[in-house]
Every structure is written in structure tokens, then in C-alpha cells.
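Trainee: Per the working numbering, the sequence shown starts with residue 6, numbered consecutively.
No residue lacks a Cβ here, since even glycine has one placed at the ideal position from N, Cα and C.
Here it is: the structure, laid out below.
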Amino acid sequence: MANPYRGRQLALATQHAKERAIAPAFEMHLGLRLVVPAGLDTDSLGTFTGERPRPAPMHETARRKARMGMSAAGLPLGVASEGSFGPHPSVPFLAAGHEVMIFIDAERELEVIEEQISPETNFAAIDVTADADIDGFLRRIGFPAHAVILRADTGLVKAITSRSQLDDALQAATGPTRLEADMRAHLNPTRLGEIGRLADKLARRIATPCPACEAPGFGVVRAERGLPCAECGTPTDLVNTLIAGCLRCGHESRLPRPDGQVSATASHCPECNP
Ligand SMILES: [Zn+2]
Ligand SMILES: [Zn+2]
């Protein structure tokens, strides 16, 4: 089957100019043209800055966002992404961004999701105290190309992109004051780049047909642990095999690790290194 999406339109729900990062991948790999419906309130699904808590986990929020865009644009195809930021799950003291992107094809009742956790983020904050190194913080987060948010008793000032705006906001602030990197995509080129990488991964996957039934979106669905110890062959906790699957017919195939590693060092072995 040829690519079923060439020349069709895809709704993207975003208030934060994510089309700059998402459109090229979907155009290149699938021939889809992005449509961004005007006037959507995706913030009603929750915000980073906590004025409105997110009511649902990331996957569900992304799904609702995509559906919102599809119904606003009157299209059966939709895409949306959702991010969250915090400490890296496996590397202490390192920040990480977690991005989820969903593609929905309502005609085929198909939903393809890709996600990535990456240390490539400027997520950071600093308390404004007498000895705080504000300039160092601003340099670290890439200000003013990356915007900053000020949080104080006087409220929240978002999207600060110049030193004079920041000085005014600091002047007006009372009580404990904190500066944070603004993580919204249109004010954060680092995040926009990560969204672009994820869009590429998702579009490539949608462009991959199932070898059995030709449904779009054939790709890795889970990983099996048990990479054998190099010394004694005992299965370890490391990933041994990736399983690629079809979202429609359930066909699966087994793939070796992408890094080519076929055994684990004894330090990972429950027998050699209990
Ligand atoms: Zn299939
Ligand atoms: Zn061993």
C-alpha cells in the first residue's frame, strides 16, 4: 500500500507555535500538511506554571489536545505533544525533559505514540537572594533567546525576554522571589529542537507499514530484559531484545539492541556480582 497520507491535512493543537518544529517531519516523511486551528485554549488542559494543574497524565493530556485540534479543524487526522520537566530519572542532579507526541487517525482508529526522555533541556530555577548569581543563571538557561518566568507574592510574570523587562519585574516583586526557565515551546528553542526530534521519530514510525497487514505505524512496542552476562550467561536486568509490533493486527518481530551489544559486563550480573 502506498503512503495513505500524502497530500492530506493534519490538525495540530498548539498555542505555542510548535508547528515550526513538527511540520517539517510530517511533510517530509508522510506528505502531510499541518493545520493549526486558531483560538484553541490548550491551557485548559493544564499549564507548566501551575496556574491550572494538569488533570490527566501526559498521554491522556496529549490525546485530549489532539482530539481538540481535530474537532476544531474538522479533520480526522490529528497530532499533539506534551512535555514535563524535572530531575533525570537515572542521573541524579541532572535535569531532563520528557516529551510525548501522539498521532490520531480516526478513520483507521489508529493511535501512534512516541516519547523521549532527554537531558537536552534548560529546565532550571533560582531563588533571588542577596548572593544569588542571577547573571550566571541567565547565561546557563540561554537568556534572552530562552525566556524566563518570575514568581513572587505579587504574582507570576511570564515570557520575560529582555534584561529591562526582567529588571522591571524584579523591582516590582515582593516576598520570596524565584526565576525559572520558561518551558513553553515558542519561548524555548532548546525545547522546540527536542520536539522536532520527536516529531521526526513519530513521522518515520507512521511511515513504516506493518509487514503483515500494511497498517501504518509499525515500530517498537516494548523491550525484553535478560541480556546475558558475558562471564556466566545468567540473564541480567539489561534490555536484550526490542519487540516491534503492529497496532492493528498484532504482528510482532524481534530486533537486536540498536547498539549491537550482545552481553552484559559481570558488574550487572546477579550471580557474578550479587
Ligand atoms: Zn499488522
Ligand atoms: Zn555472571
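Express the C-alpha separation of G83 and R72 in angstroms, rounding to a whole number.
Mentor: For R72 and G83, the distance between alpha carbons rounds to 7 Å.
Trainee: Going by DSSP in three states, Q121 sits in which element: helix, strand or coil?
Mentor: Here Q121 sits in strand by DSSP.
Trainee: Short check: CB of A22 to CB of A249, under 8 Å?
Mentor: No, Cβ-Cβ distance for A22 and A249 is not below 8 Å.
Trainee: Jot down the residue ranges of each uninterrupted alpha helix (DSSP H) in the segment 131-203, minimum 4 residues, whole runs only, in chain order.
Mentor: 139-145, 168-177, all fully within the segment 131-203.
Trainee: If A157 and T182 are in contact, beta carbons under 8 Å, what's the gap, nearest whole angstrom?
Mentor: The pair is a contact, with the Cβ atoms about 4 Å apart (cut-off 8 Å).
Trainee: As an exercise, report each continuous beta strand (DSSP E) stretch of at least 3 residues that is fully enclosed by the segment 19-71, in chain order.
Mentor: The segment 19-71 contains these whole beta strand (DSSP E) runs: 38-40.
Trainee: Less than 8 Å between the C-beta atoms of I154 and D187, yes or no?
Mentor: Against a cut-off of 8 Å, the Cβ pair of D187 and I154 comes out as a contact.
Trainee: For the segment 125-145 against the segment 237-257, do three or more pairs of beta-carbon atoms, one drawn from each stretch, fall closer than 8 Å, so that the two count as touching?
Mentor: In short, these stretches do not touch, since the Cβ pair count stays below three.
Trainee: Can you grab the Cα-Cα spacing for the pair L45 / T239, in whole Å?
Mentor: Cα-Cα distance, rounded: 54 Å.
Trainee: Give me, in chain order, the residues of the same chain whose beta-carbon lies closer than 7 Å to that of A150; leave out the 5 immediate sequence neighbours on both sides.
Mentor: Counting only Cβ-Cβ distances below 7 Å, and skipping sequence neighbours, we find P194.
Trainee: Here's a check: name, in chain order, each residue in its chain whose Cβ is nearer than 6 Å to the Cβ of V162, leaving out the five neighbours to either side.
Mentor: Same-chain partners within the cutoff: L155, A174.
Trainee: Any residues whose CB sits closer than 6 Å to a heavy atom of ligand 1? List them in chain order?
Mentor: This criterion selects C215, A217, C218, A220, C251, R253, C254, H256.
Trainee: According to the Cβ coordinates, are L197 and A26 closer than 8 Å?
Mentor: Cβ atoms of L197 and A26: closer than 8 Å.
Trainee: How close, in whole Å, do the beta carbons of P94 and I122 come, if the pair is a contact with beta carbons under 8 Å?
Mentor: Their Cβ separation, rounded to whole angstroms, is 7 Å, which keeps P94 and I122 in contact under 8 Å.
Trainee: Mind checking whether A85 and A111 have CB atoms under 8 Å apart?
Mentor: It is not a contact, given that the beta carbons lie outside the stated cut-off.
Trainee: Closer than 6 Å from C-beta to any heavy atom of ligand 2: which residues, in chain order?
Mentor: Taking each Cβ in turn, the ones that pass are C234, E236, C237, T239, A271, C274, E276, C277.
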